[in-house]
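Chemist: Using this note's numbering, the letters of the sequence shown map in sequence onto residues 2 to 436.
Even for Gly, the Cβ is constructed at its ideal location relative to N, Cα and C.
Please see the structure below; I have some questions.
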Amino acid sequence: MLLLLQLLSLLRELTAESPWGLPVVADGPASLAKVVMAELADLKLENKPWPGGTHSLHYHYLALSEPGPDLPQFLAVGYVDDQPFIHYDSRVDRAKPQAPWMAAVDTQYWETETQKQRAWAKVQQVETWTVMGYHNQSSGTHSTQRTFGCEIREDGCTSSFWQFGFDGQDHLSLDLETLSWVSAKPVAVQTKRWWETERCYAEYDKAYLEGLCLTSLHRYLELGSQSLTRKEPPKVQVTRHTAEDGSITLRCWARGFYPRDISLSWWLGEEELVQETEYVETRPGGDGTYQTWAAVRVPARMENGYICHVQHSSLNHTLTVAWEAPSHQWITSAKVISIIFTITFLLVAGVLTFIKQYSQARNKESCKQAPGDCGMGGLGRGSPRCSQAWLRCLKTKNGGRVVGGSFQSPAWPHPSPSAPSHHLGARWRGQGALH
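Written out as structure tokens, the structure reads:
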């Protein structure tokens, strides 16, 4: 409590505001502030141990030179272990919780955070227009980004970072060892000189990142212990990839694990393939968990000898996973089924084609024999055999159809009841048939 009172007393004595929104004390900008911040850095919360795994506290600030129709002029988001827990939007002008475990924090905390982010919005707005001038830009939409935070690893080691960007590209960073600003490009040298005019700016940042940031991280881990200190095992899968040049790569995927720390390694027998393995940085999976992979090139038909080893705090042993080739039995069965289906289809199609051709040939033969059978052969027009022969003949030649038990051809109108067989009889008489 005494330290907090000293800090409040320090804030009341300010006579100016730094580009960081931090106080510049009248009797030396770094003297009293440095002492108070150093004491804050030594604070611990009831000597409670850190939870296992790697944990981090990061902040991301974005300022625009001109607000857009759907864009705020200033936006701030805080993350614990890559999960957002606090959010400030200049359009709403209030700091709000982004994680369920932050909803129980008292109103004084949110009021303080709101005032802090309002100050940062003003500071970064000035920085944005100043850096625009260094880039010879006087109009248009431009942005500055500030990211900073701290991290503690499972072995107890800590690390911190501070970076500043312009229009999405690196501009300046803070070297915490030398307390010097490092420019990422020539134009950033002007910003570097501007910030070097007051060394206390770098000292403030160092004191926060190496002290108060870690203390705050510990506090947030206590508030969200149920979510932030949980353990979820990875889902591991090995996939095989063939490049255009024929080279083969095995990739070991680990997804859905928490916390972030994980170890993936490839082994061939008793040898760990450290130099041969390609690694990627562990990334958030978008659902509160993490994902990563490690890959190794292998000779053809030697895939089964390579084993992926996975170590994670959620596992009580090293998980080993190898590539599983597709089942040859399943492939063979699928091929056999496909062949049987094809043969069956061809047989059925052949039989149907044969039946159709046979039927057409038989009808044509009937047409050739019909006149003789029904005329000179003496069977007579009224015989059943004669009628059936002519029906088949007419169907084949004229595409006719049977109507009401008799046959009607498109070329010959259906005979009326008052004149049965008139057209048919006249046609026969014209050919000299017997009556």
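1) Per DSSP, which one or two residues make a beta bridge with Thr-319?
2) Below 6 Å CB to CB, which residues in the same chain sit around Leu-23 once its five sequence neighbours on both sides are set aside?
3) Pair every Cβ in the stretch 287-304 with every Cβ in the stretch 240-257, then say whether three or more of these pairs are closer than 8 Å.
4) Where does the unbroken beta strand (DSSP E) through His-143 begin, and where does it stop?
5) Whole angstroms are fine: how far does the CA of Gly-212 sit from the CA of Trp-21?
6) Which runs of the alpha helix (DSSP H) spanning at least 4 residues fall entirely within the stretch 218-285, listed in chain order?
7) Output the distance between the C-alpha atoms of Ser-315 and Val-299, rounded to the nearest integer angstrom.
8) With 16 as the cutoff for other CB atoms within 10 Å, does Glu-112 come out buried or exposed?
9) Kindly give me the distance between the Cβ atoms of Tyr-80 and Gln-118, rounded to whole angstroms, as I take these residues to be in contact under 8 Å.
10) From Ala-326 to Glu-279, what distance separates their C-alpha atoms?
11) In whole angstroms, what is the alpha-carbon distance linking Asn-317 and Leu-218?
12) To which residues of the same chain is Ala-64 closer than 6 Å at the C-beta, ignoring the five residues directly before and after it?
13) Taking the beta strand (DSSP E) that Cys-309 belongs to, which residues open and close that run?
14) When we look at the beta-carbon of His-56 and count the other beta-carbons within 10 Å, is it buried (16 or more) or exposed?
15) With DSSP as the reference, label Val-299 as helix, strand or coil.
16) Can you name, in chain order, every residue of its own chain whose Cβ lies under 7 Å from the Cβ of Pro-285, other than the five neighbours on each side?
17) Quick one: what does DSSP say Gly-29 is sitting in, helix, strand or coil?
18) Just how far apart, CA to CA, sit Pro-235 and Leu-320?
19) Thinking C-beta only, is His-136 closer than 8 Å to Val-93?
20) Sort Phe-258, Ile-356, Val-352, His-313 by Cα distance to Glu-155 and report the nearest one.
21) Would you kindly work out how many angstroms separate the C-alpha atoms of Gly-225 and Gln-99, rounded to a whole number?
22) Per DSSP, which residues does Val-78 bridge with? Please list them.
23) Taking 8 Å as the threshold (C-beta atoms), are Tyr-221 and Arg-147 in contact?
24) Contact check, Thr-142 vs Ser-66 under 8 Å by CB: the rounded distance?
25) Can you list, in chain order, the residues of its chain whose CB lies under 8 Å from that of Gly-169, leaving out five sequence neighbours each side?
26) In angstroms with no decimal places, state the Cα-to-Cα distance between Ala-122 and Arg-231.
27) Are the CB atoms of Ala-73 and Ser-91 nearer to each other than 8 Å?
28) How is Ala-189 classed by DSSP in three states: helix, strand or coil?
29) Just mark Ala-203 as buried or exposed, buried being the case when its beta carbon has 16 or more other beta carbons within 10 Å.
30) Give the DSSP-derived three-state secondary structure of Ser-339 in the structure shown.
31) Answer yes or no: do Leu-177 and Ser-161 have a C-beta to C-beta separation smaller than 8 Å?
32) On the three-state DSSP scale, how would you describe Glu-155?
33) With distances taken Cα to Cα, identify the nearest neighbour of His-172 among Cys-158, Ile-153, Arg-194.
34) Which same chain residues end up closer than 6 Å to Leu-274 when comparing Cβ atoms and leaving out the 5 residues on each side of it in sequence?
35) Counting C-beta neighbours from all protein chains within 10 Å, is the total for Ile-87 16 or more, i.e. buried, or is it exposed?
36) Which residues in the same chain have their Cβ closer than 8 Å to the Cβ of Pro-85, if we skip the five residues on either side of it in sequence?
Modeler: Taking the structure as given:
1) None; Thr-319 has no bridge partner.
2) Low local confidence applies: a pLDDT of 44 at Leu-23 is under 50, so the model's placement there is unreliable, with the coordinate-based value given in what follows. Contacts found: Tyr-205.
3) yes
4) No beta strand (DSSP E) contains His-143, which DSSP labels as neither H nor E.
5) Because the pLDDT of Trp-21 is 40, which lies under 50, any placement of that residue in the model is unreliable, and the question is left without a value.
6) Here the runs fully enclosed are 226-229.
7) 30 Å
8) exposed
9) Not confirmed; about 15 Å, so no contact.
10) In a straight line, the C-alpha of Ala-326 is about 22 Å away from that of Glu-279.
11) 27 Å
12) Phe-75, Gln-125, Gln-126, Thr-129, Thr-145
13) Per DSSP, Cys-309 belongs to the beta strand (DSSP E) from 307-312.
14) buried
15) strand
16) Asp-83, Tyr-291
17) Because the pLDDT at Gly-29 is just 42, under 50, the model does not fix this residue reliably, and the value given afterwards should be weighed accordingly. Here Gly-29 carries a coil assignment [DSSP, helix/strand/coil].
18) Taking the straight line from one Cα to the other gives about 10 Å.
19) no
20) His-313
21) Their backbone Cα atoms lie some 12 Å apart in a straight line.
22) Here Val-78 is bridged, per DSSP, to His-61, His-88.
23) No.
24) With a Cβ gap of about 6 Å, Thr-142 and Ser-66 count as contacting.
25) The answer, listed in chain order, is Ser-144, Gln-146.
26) Those two C-alpha atoms are separated by around 35 Å.
27) Before going further, note that residue 73 is Pro rather than Ala in the sequence given. For Pro-73 and Ser-91, yes; Cβs fall inside 8 Å.
28) helix
29) buried
30) helix
31) yes
32) coil
33) Arg-194
34) Once the five neighbours on either side are set aside, the close Cβ partners of Leu-274 are Trp-267, Val-297.
35) buried
36) Val-78, Gly-79, Gln-99, Ala-100
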